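Down below is the structure, laid out as structure tokens.
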Ligand SMILES: C[S@@+](CC[C@H](N)C(=O)[O-])C[C@H]1O[C@@H](n2cnc3c(N)ncnc32)[C@H](O)[C@@H]1O
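Residue numbers (our numbering): 15 to 298.
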């Protein structure tokens, strides 16, 4: 399969709750950079190495895909799956720019991996899914599909949320907390689960994967710190969507924007970011 021709199966017309426009694509690029140290650490725990066959499940515009492909090297291969044609186009631009020849793009639904990728069943060394399982209506189907693709001893590395709605500003601001509740409600309304990691140990066991590592990245942001840009860009991308979806009123959006601007100017504020969990499962 050429990296220029994405395979198309699944439900390409679907759009995930955060959207797939240019603003969201750019936000995912910044997000990758702010979280890439954690990603690389997790990949090392999952024993990534040259020559491996790797699947990036829900790859988005492919910032992690590129890193994975550079580690897999010319003797390895990364199969990058996403349901967004625009994100896969952005990935293709990046692949061409880097002159990489070991990336396959596959357009389709990650809830149907064995049907999408029948030619690599039982052959995959490493599957990676970051911030994808929390958005899909049937995460069990993704886990089952990954388990079918892995070879014995292959690993599934996940970075995702549990207790997402614990995200808070300190001192607390009600207009901020209101929007956090609305985000959780918006994701759940589309079949997502901001507590998804709580279900993963049981699902891994059910599909023959032993949990080898479970950890959490709990970060704190202060105004002016680099990681403050992470929530800041997320609000710009997603809070207008919350209003469009009817999850918050115009007044609640304005109150949130005021609260965030005040917090951003307060040197004594800090923010507890949503905890990002690391899970590595190994297939028996
Ligand atoms: C928050 S982004 C994360 C992207 C990437 N994993 C990263 O860490 O930068 C979620 C991605 O999951 C994709 N996605 C959501 N549901 C999907 C599904 N059912 N099948 C394939 N991709 C899906 C979206 O299109 C989006 O690219």
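The beta-carbon is built from N, C-alpha and C at its ideal position, and this holds for glycine as well.
As the structure is a prediction and not an experimental result, all values here were calculated from the model.
Closer than 7 Å to a non-hydrogen atom of ligand 1 - does that hold for the CB of residue i?
i	result
residue 72	yes
residue 252	no
residue 124	yes
residue 145	yes
residue 101	yes
residue 174	no
residue 149	yes
residue 97	yes
residue 247	no
residue 36	no
residue 77	yes
residue 46	yes
residue 55	no
residue 291	no
residue 217	no
residue 164	no
So, is residue i buried or exposed, given that buried needs 16 or more other C-beta atoms within 10 angstroms?
i	result
residue 268	exposed
residue 36	exposed
residue 240	exposed
residue 16	Residue confidence for residue 16 is low, a pLDDT of 36 falling below 50, so the modelled location carries little weight; the figure read from the coordinates is stated next. It is exposed - the Cβ of residue 16 has fewer than 16 other Cβ atoms within 10 Å.
residue 141	buried
residue 66	buried
residue 96	buried
residue 151	exposed
residue 46	buried
residue 290	buried
residue 234	exposed
residue 24	Unreliable placement is indicated for residue 24, whose pLDDT of 46 sits below 50; the coordinate value is still reported in the next sentence. Answer is buried; the Cβ neighbour count reaches 16.
residue 272	exposed
residue 230	exposed
residue 293	buried
If contacts are defined as beta-carbon pairs under 8 Å, then residue i and residue j qualify, I think. What distance do you get, rounded to the angstrom?
i	j	result
residue 227	residue 59	5 Å
residue 212	residue 286	At roughly 19 Å, the Cβ-Cβ gap does not stay under 8 Å, so residue 212 and residue 286 are not in contact.
residue 247	residue 105	About 20 Å separates the two Cβ atoms, so there is no contact after all.
residue 68	residue 82	5 Å
residue 145	residue 107	The Cβ separation is near 21 Å, so there is no contact.
residue 153	residue 207	7 Å
Can you check DSSP and say which residues form a bridge with residue i?
i	result
residue 179	Answer is none; residue 179 lacks a bridge partner.
residue 44	Bridge partners of residue 44: none, in fact.
residue 174	291
residue 142	70, 171
residue 261	Answer is none; residue 261 lacks a bridge partner.
residue 229	292
- Message: For the structure I just gave you, are there three or more beta carbon pairs, one from the region 160-172 and one from the region 196-207, closer than 8 Å?
- Response: no
- Message: Does the contact criterion of 3 or more C-beta pairs under 8 Å hold for the region 86-103 versus the region 122-141?
- Response: yes
- At least three beta-carbon pairs within less than 8 Å, the region 180-198 to the region 272-280: yes
- Message: Under 8 Å: do the region 105-121 and the region 75-86 share three or more Cβ pairs, one atom per stretch?
- Response: yes
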